[in-house]
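Residue numbers (our numbering): 1 to 335.
The beta-carbon is built from N, C-alpha and C at its ideal position, and this holds for glycine as well.
Reading through the structure tokens given below for one structure.
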Ligand code: TYM
């Protein structure tokens, strides 16, 4: 049995990129009876200023979506990051093993520096240090692997590095976790629909770039219809020359379970208009079920799902932190 960790930040609404890159993969691993630790990263959601009401609402919505998509709290250890205090504790301990240069080289940090009117950079401290919190999220549970999309790979590299450092410097025995990423053609990086050179993301100002899991069925249809393609009208997978249509093929593949080759064959005499109709249909059919499940879930269901494994999760997390503290030389008369 493999132990796997995965999380989603509590900013904005979830989209089909999150679903294909992470949630769908988790569902497969759940079916294989692996041990999954799945959480909402609400502390990560505070990295950039956010309305307290919104972070609260996003956290509940993501838990509900995890459940609506099919994660079973009896099989998966589902939790909210801030409820397990050890995440912040290990975060500090790990920060003593990193340096600023290492953090400044993170792509997400470079992307998210906010330019002010006078062109100077304002850098919320959280953006610089948040990869360390992510490493803590992972190492607390000492997993074999971490399910993430392509965009998080660099953070997993940092995780490996810090696990090695802990082991070497403090005589600990953390596993060196692998990034478990779906194949590129399988959707490790779903691109923006109107701008297939860039990643589909929660915070895109162009709403037609992103299909949210809770979008209306008309909006889904509209967004697929207006997705950027090319003038060739040939359904062929070629991410370099045909990024738009290749992205749509990847999305269709993820929702239909057909391989790229099977899709190319199926639509070899078709055109973009018909292909787009088919894509809308497969997405709508799946999201209809998810949305119907979602609408039936209540706050009580969330509370119950979170309660189920809380004690065990806390115990595992506390055990990891206590080991690190002890080997780092901190007194531990309390526990
Ligand atoms: P977040 O919330 O940005 O995204 C959640 C998951 O969805 C994946 N993803 C995508 N996959 C394919 N195509 C896309 N366009 C796309 N956009 C996002 C992400 O890679 C991620 O797997 N820092 C993380 C959350 C986190 C975490 C962790 C994950 C915090 N601690 C520990 C794993 C383990 C994040 O912001 O993901």
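Under a three-way DSSP split, which group does residue i fall into?
i	result
residue 175	coil
residue 295	helix
residue 146	strand
residue 112	helix
residue 106	coil
residue 255	helix
residue 194	coil
residue 159	helix
residue 334	coil
residue 324	helix
residue 234	coil
residue 199	strand
residue 188	coil
residue 5	strand
residue 18	helix
residue 182	coil
residue 275	helix
residue 121	strand
I'd like to check one pair, residue j with residue i: are the Cβ atoms closer than 7 Å?
i	j	result
residue 132	residue 98	yes
residue 229	residue 170	no
residue 139	residue 163	yes
residue 283	residue 220	yes
residue 280	residue 190	no
residue 227	residue 172	no
residue 404	residue 196	Residue 404 cannot be examined here, being either before or after the span of the chain that is shown, 1 to 335.
residue 67	residue 297	yes
residue 6	residue 26	yes
residue 47	residue 127	yes
residue 23	residue 69	yes
residue 123	residue 134	no
residue 254	residue 20	yes
residue 332	residue 325	yes
residue 246	residue 238	yes
residue 317	residue 35	no
residue 200	residue 329	no
residue 147	residue 180	yes
residue 90	residue 321	yes
residue 302	residue 63	yes
residue 178	residue 145	yes
residue 174	residue 167	yes
residue 94	residue 136	yes
residue 2	residue 30	no
residue 176	residue 165	no
Quick check: is any heavy atom of the ligand SAM less than 6 Å from the C-beta of residue i?
i	result
residue 211	As far as ligands go, the structure on display features the ligand TYM and does not contain the ligand SAM.
Length at least 4, wholly inside the stretch 64-100: the alpha helix (DSSP H) runs in chain order:
If we require 4 residues or more, the alpha helix (DSSP H) runs fully inside the stretch 64-100 come out as 86-95.
Measuring CB atoms only, is the stretch 42-57 touching the stretch 5-13, in the sense that at least three cross pairs come out at less than 8 Å?
Two segments are said to touch when three or more pairs of C-beta atoms, one from each, lie closer than 8 Å; by this definition the stretch 42-57 touches the stretch 5-13.
Are the stretch 29-48 and the stretch 184-197 in contact at 8 Å, needing three or more beta carbon pairs?
With a cut-off of 8 Å on Cβ pairs, the stretch 29-48 is not in contact with the stretch 184-197, counting fewer than three such pairs.
Meets three-Cβ-pair contact criterion under 8 Å: the stretch 303-322 and the stretch 259-266
They do not touch, by the three-pair rule.
Is the number of C-beta pairs between the stretch 66-84 and the stretch 146-159 that are closer than 8 Å three or more?
Because the criterion of three Cβ pairs below 8 Å is not met, the stretch 66-84 and the stretch 146-159 do not touch.
What residue ranges within the stretch 33-64 form continuous beta strand (DSSP E) runs of no fewer than 3 residues, ordered along the chain?
The qualifying runs are 35-41.
Assess, as a yes-or-no matter, whether the stretch 201-217 is touched by the stretch 285-293 under the definition of 3 or more beta carbon pairs within less than 8 Å.
The stretch 285-293 vs the stretch 201-217: in contact.
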